[in-house]
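Residue numbers (my numbering), protein chains in the order written: chain A, 1 to 112; chain B, 1 to 116.
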């Protein structure tokens, strides 16, 4: 099976930088994704890392180290609207299926 | 274009009743997923359809749960003899699938199911 670990809650100040870590255990690995979900809303895709290194998309960056089974999401210049839950997810394969397994999510609270 | 559409948005049912939840994916998306999310919790995988292949049902919690996808498009998740622990938000997502099997998921707004 597969498991993902991420902190349950993080609090950060507006304008600051925050890093949300994710470690995973899985058989067969096809990349690490991040999704954002505001309260009462649908999850939306943020980023994807298939290879080691840093991917940058505006204020958000995501990092992957396959040898360490570890990744993180970095949010810079935090804004109040970044308050949301952030989920890491891994794509695994088995019996022809490529399902996406999610972590339990990290609730980010941005305070003034 | 239109996103993933789910209906109903809310459903209240009595324990022991059957419910059907509907998902209309984005046109052209061949992969369709169902997840369950309890209050403040993560997304629990239920089932995954890819084109005409046999679905991956490995996440269905019991034989009371079933899903079908007709014509490679609309999907229905059926829960028989509902129990209070089935209360959750049921999320449907679709993605390009096929050769783009690793493409991002697009989620619907979910169906909030409450079993009384």
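Ideal Cβ placement from N, Cα and C applies to all residues, glycine included.
- Proximity of the region 49 to 62 of chain A to the region 73 to 83 of chain A meets the contact definition, three or more beta-carbon pairs being nearer than 8 Å.
- Within the DSSP secondary-structure output, residue 106 of chain B pairs in a beta bridge with B:94.
- Assigned with DSSP and collapsed to three states, residue 52 of chain A falls in coil, not helix or strand.
- Around the CB of residue 41 of chain A, fewer than 16 other CB atoms lie within 10 Å, so the residue is classed as exposed.
- If only complete runs of 3 or more residues are kept, the region 30 to 89 of chain B shows the beta strand (DSSP E) at 31 to 37, 44 to 50, 65 to 69 and 75 to 79, in order along the chain.
- Closest in C-alpha terms to residue 32 of chain A, from the list A:43, A:50 and A:15, comes A:50.
- Annotated as distal: residue 71 of chain B and residue 30 of chain B, with beta-carbon spacing of 8 Å or more.
- By alpha-carbon distance to residue 114 of chain B, the top candidate from B:12, B:6 and B:4 is B:12.
- Interface criterion met: the Cβ of residue 103 of chain A is under 8 Å from a Cβ in chain B.
- At a cut-off of 8 Å between beta-carbon atoms, residue 104 of chain B makes contact with chain A.
- Taken atom to atom, the span from the alpha-carbon of residue 49 of chain B to that of residue 93 of chain A is near 13 Å.
- If the five residues before and after residue 18 of chain A are omitted, its C-beta is found closer than 7 Å to the C-beta atoms of 10, 12, 75, 78 and 108, all from its own chain and listed in chain order.
- At the C-beta level, residue 18 of chain B and residue 78 of chain B come within 8 Å of one another.
- DSSP, read as helix, strand or coil, puts residue 81 of chain A in helix.
- Between residue 86 of chain A and residue 25 of chain A, the CB-CB gap reaches or exceeds 8 Å.
- Under a 10 Å Cβ-count criterion, residue 15 of chain B is classified as exposed, with fewer than 16 other Cβ atoms of the shown protein chains found around its own Cβ.
- Under the Cβ criterion of 8 Å, residue 42 of chain A is counted among the residues facing chain B.
- Counting along the chain, residue 24 of chain A sits inside the beta strand (DSSP E) bounded by residues 18 to 25.
- Residue 9 of chain B is positioned such that its CB atom lies closer than 8 Å to that of residue 111 of chain B.
- Taking 8 Å as the threshold, the shortest C-beta distance from residue 41 of chain B to chain A falls below it.
- In the same chain as residue 105 of chain B, and ignoring 5 residues on each side of it, the C-beta atoms closer than 6 Å to its own belong to 93 and 95, in chain order.
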